[in-house]
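Novice: Dropping a structure here in structure tokens format, bear with me for questions.
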Amino acid sequence: MRDPGVAVVVEDDLDVRNLVSTVLTQSGFEVHSAAEGRSGVEAVTEHNPTLVTLDVGLPDIDGYEVLRRIRGISDCYVIMLTAHNEELDTLTALQSGADDFVTKPFRPRELRARVAAMLRRPRGGLTSETTTAPAAEAPAEPARPDSLLRHNGLALDKETRTVTVRGEELVLTRSEFDLLHELLRSAGAVRTKGDLVRVVRGQYYRTDAYISEADERAIEVHIGNLRRKLGEDPRSPRWLMTVRGVGYRLVPKRPD
């Protein structure tokens, strides 16, 4: 099994911090922990982790602000841990750039499963504002035709995980990219919110997986963010159409 790399656990509750650290260590991670938000950001800067678990209620600065700072320096996977099963916590976490959320108390196997699902998904790179240019840049290889999906002026390249609209590149999160790719490759077929939850989790064929209302609401948030980045009006969409009470599909192709 491939070494999953480094994880940083940012949690002020000692018992929870030890539990999460144990779960991640058993999953093969080299684990570093922090009890406060500022020290958590420092740990991310120092260790460049693959994964961060982040508590919402930290003693110095709240977890959403910590996440904002982390997103300025890293595109690591982030799981938010929330003490309350409230929709507002879930939506705020996802809108702030989290990849997933887990409500406390949780079972170790649940956290282990969420982490494993995320690691099956490709890891994106940093945005242009936070990357540094390589010393020597190799010529880019042309994209393979079967990796490109085009629709109404939008182009998605699965190999490079890039999306352009009329030639302008968009910066999408992993979840936004995966959802857009699924809808494009579905070629107009309706995808339920449950289908899309499994896409985000990397559980494409797990039709028996439990999906909560909060999971489905999270998909609505991701789609809303995706529409905002695409610059489209949901009342007159160019790409993503809501199928009320079911899910989403592509808008029919328009003539150029």
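In this note's numbering, the protein residues as written are 161 to 416. Idealized CB from N, CA, C, for every residue including glycine.
Thinking D215 and D172 are a contact (beta carbons under 8 Å), I'd like their distance in whole angstroms, please.
Specialist: Indeed, because the Cβ distance is near 6 Å, the residues count as touching under 8 Å.
Novice: Terminal residues of the continuous alpha helix (DSSP H) containing F261?
Specialist: It is not in any alpha helix (DSSP H) - F261 instead sits in the beta strand (DSSP E) that spans 260 to 263.
Novice: Would you grab the beta carbon distance between V204 and I233 for me? Rounded to a whole angstrom, and I think it's under 8 Å.
Specialist: Contact flag correct, Cβ pair sits at about 7 Å.
Novice: Taking D222 as the reference, which of V201, E206, T210, C236 has the closest Cα?
Specialist: When only C-alpha atoms are compared, the closest one is V201.
Novice: So the candidates are D220, V191, H311, R198; which of them puts its Cα closest to the Cα of P397?
Specialist: Checked all of D220, V191, H311, R198; the closest Cα to P397 is H311.
Novice: Could you check whether I383 and Y408 sit closer than 8 Å to each other, using their CB atoms as the reference points?
Specialist: Closer than 8 Å, so yes.
Novice: Check whether the region 261 to 281 and the region 389 to 403 touch, using three or more Cβ-Cβ pairs below 8 Å as the test.
Specialist: The region 261 to 281 vs the region 389 to 403: no contact.
Novice: Just to confirm my understanding: we take T185, look at its own chain, exclude 5 residues before and 5 after, and list those with CB closer than 7 Å. What are they?
Specialist: The residues are V191.
Novice: If we count the other Cβ atoms within 10 Å of its Cβ and call it buried at 16 or more, is T320 buried or exposed?
Specialist: So T320 ends up on the exposed side.
Novice: Is D355 helix, strand or coil by DSSP?
Specialist: Of the three classes helix, strand and coil, the one that applies to D355 here is helix, per DSSP.
Novice: Can you tell which of R228, L356, T324, A243 has its C-alpha closest to the C-alpha of D338?
Specialist: The residue with the shortest Cα to Cα distance from D338 is L356.
Novice: Kindly indicate which residue of D375, K413, R395 has the alpha-carbon position closest to the one of L251.
Specialist: Considering only alpha carbons, the answer is D375.
Novice: According to the Cβ coordinates, are R228 and S199 closer than 8 Å?
Specialist: Not in contact: R228 and S199 (Cβ atoms no closer than 8 Å).
Novice: The beta strand (DSSP E) with S193 in it runs from where to where?
Specialist: Counting along the chain, the beta strand (DSSP E) containing S193 begins and ends at 190 to 194.
Novice: Whole angstroms is fine: what's the gap from L309's alpha carbon to K318's?
Specialist: Approximately 8 Å between the Cα atoms of the pair.
Novice: Within the continuous beta strand (DSSP E) that includes Y237, where are the two ends?
Specialist: That run of the beta strand (DSSP E) goes 237 to 242.
Novice: In angstroms with no decimal places, state the Cα-to-Cα distance between T324 and R395.
Specialist: Straight-line Cα distance between these residues: approximately 22 Å.
Novice: What does DSSP give as the partner residues of D215 in its beta bridges?
Specialist: Per DSSP, L241.
Novice: With DSSP as the reference, label S346 as helix, strand or coil.
Specialist: It is coil, neither helix nor strand.
Novice: What are the partner residues of E329, as DSSP defines its beta bridges?
Specialist: E329 is bridged to T324.
Novice: Out of curiosity, what's the CA-to-CA distance linking L179 and A378?
Specialist: Cα to Cα, the separation comes out at about 26 Å.
Novice: Using DSSP's beta-bridge definition, name the partner residues of D317.
Specialist: Bridge partners of D317: L308, T322.
Novice: Who are the Cβ neighbours of S307 in its own chain at under 7 Å, not counting the five residues just before and after it?
Specialist: Cβ neighbours of S307 beyond the five flanking positions: D317, K318, E319.
Novice: Would you give the residue range spanned by the beta strand (DSSP E) that T402 belongs to?
Specialist: Run containing T402: 400 to 403, per the beta strand (DSSP E) assignment.
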